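Working notes, structure below.
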Amino acid sequence: MLDLSHLRCFVAVASELHFGRAAQKLHMTQPPLSRQIRLLEERLGQRLLERNSQTVELTAAGLRFLPEAQSLLQRAQDLEAMMNEAGDEPEGRLRMGFYGAASFYLLPSIMVAMAKHYPRVTLELKELNALQQIDAFGFGDIDIGLARPTSLTPRLTSSIVLREDLLVALPDDHPLATRATLRPQDLQGEPFIAYGPKGPYMHSVQQAIFAQNAVAPKIIQSLAHAEGILSLVSVGLGLSVVSGHAICVQRRNVTFRPLVESGTSQALTHIVTHRETQRPLVDQITRFICEVGLALPPRLHP
């Protein structure tokens, strides 16, 4: 019977094509690593690696064996995770992608709730935009994603996890700051800091508001992220329309007012997963994150 420790050693060497680096990766010294490879080759009756003092190469048998070894190790890992996740107190590790603005309010709320309700589940965080998350799902690098709405591949599915009201951000001393609420028509001709195409979702939200209300602000800058936009608003260069939780970005000299009668009332965040995930923990934590996100107020500013 094949020994999983032998397989791990072989896959490490095959990946690095260097015994020293593979040993370091496995937190062991080189002589025991060489013995493990030799024992595996004896068990299989075939040489898997050709090595000399300078190079390491896979033999034809090694090339055939490598994907099967990787598959066996992944299956063993999945089986262990499945059993851990099926216990009375679920445990395991999930890799979650998130877009930058989620870190304002949604992500911290999720992390606090997870620590309280699922202390034995670890979320490994990766900051990725929506397109990067789609690629990461394709390569098997993430299990869950927090993303602005976007077109997904057929293997992925999404649902709403957060709704944010839209706000107008403007300098404290701007004449419009005296009003309790603002309408799109109030933006007509005003200097405006827009979301550019590199902030595609909020860019599309702003463009929809302009088109639906026949409004044409004077766009003086286009940026990708709320932090940069609010920095320019804070020094009096213009106004902007932002999602509700951008208020968590601390900037002096910035006032927020609810945007009303715009035709597009909220910004959305989706939680994304594989359509046919094989891990019960993914489904369980996805449902929990949705409960946390949808319980958050859509507007933090009074």
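Numbered per this note's numbering, the sequence shown finishes at 1179, counting up by one with no gaps.
Cβ coordinates follow ideal geometry from the N, Cα and C atoms, glycine included.
Since we're looking at a predicted model, the values are computed, not measured.
Beta-bridge partners assigned by DSSP to Gln1143: Asp1042. Tyr982: not part of any beta strand (DSSP E); DSSP gives it neither H nor E. Taking 3 residues as the shortest admissible run, the region 1036–1114 contains the following complete beta strand (DSSP E) segments, listed from N- to C-terminal end: 1068–1072 and 1095–1100. Bridge pairing for Val998: Gly969 [DSSP].
DSSP places Leu950 within a helical segment (H, G or I) once states are collapsed to three. Residue pairing of Glu1004 in beta bridges, as defined by DSSP: Phe975.
Under the three-state reduction of DSSP, Gly1022 is assigned to strand. Only buried fits Val888, as 16 or more other CB atoms lie within 10 angstroms of its CB. In the three-state DSSP reduction, Val933 falls in the strand class (E or B).
For Leu916, the uninterrupted alpha helix (DSSP H) run begins and ends at Gln907 to Leu921, by DSSP. Assignment of beta-bridge partners to Ile1162 by DSSP yields no partner. Under DSSP, Leu903 takes part in no beta bridge, so it has no partner.
Taking the Cα of Leu894 as reference, the smallest distance to any Cα among Thr936, Glu918 and Pro985 is reached at Thr936. Non-local C-beta neighbours of Arg1129 in its own chain, meaning closer than 8 Å and more than five positions away in sequence, comprise Ser1111, ordered along the chain. DSSP places Phe1016 in the coil class of the three-state scheme, outside both helix and strand. Note on geometry: alpha-carbon atoms of Asp1160 and Ile1124 lie some 31 Å from one another. Counting along the chain, the unbroken alpha helix (DSSP H) around Val890 starts and ends at Leu881 to Glu893.
With a contact defined as Cβ atoms closer than 8 Å, Leu1145 and Pro1061 miss out at about 19 Å. For Thr1132, the enclosing beta strand (DSSP E) has its first and last residue at Val1131 to Pro1135. Per DSSP, reduced to three states, the secondary structure at Leu940 is helical. The alpha carbon of Met973 has as its nearest neighbour, out of Gln1084, Leu1000 and Pro1175, the alpha carbon of Leu1000. Membership of Leu926 in the beta strand (DSSP E) is indicated by the continuous run Leu926 to Arg928. Secondary structure of Leu1116 (DSSP, three-state): strand. Apart from sequence neighbours up to five positions away, the residues of its chain that approach Tyr982 with a beta-carbon distance below 8 Å are His1122, Cys1125, Leu1173 and Leu1177, ordered along the chain.
Residue state for Leu1173 is assigned as coil, using DSSP reduced to three classes. Minimum Cα-Cα distance from Gly922 among the listed residues Arg928, Ile914 and Asn929 corresponds to Ile914.
One thing to note: Pro1048 has its Cβ within 8 Å of the Cβ of Val1131. When only Cα atoms are considered, Gly977 and Ala1013 end up about 16 Å apart.
When the five nearest sequence neighbours on each side are left out, the beta carbons in the same chain lying within less than 7 Å of the beta carbon of Val1082 are those of Thr1141 and Ala1144, in order along the chain.
Here the alpha carbon of Ala1007 sits roughly 8 Å from the alpha carbon of Phe975.
Nearest to Val998 by alpha-carbon distance, out of Gly1015, Ser986, Leu984 and Gly969, is Gly969.
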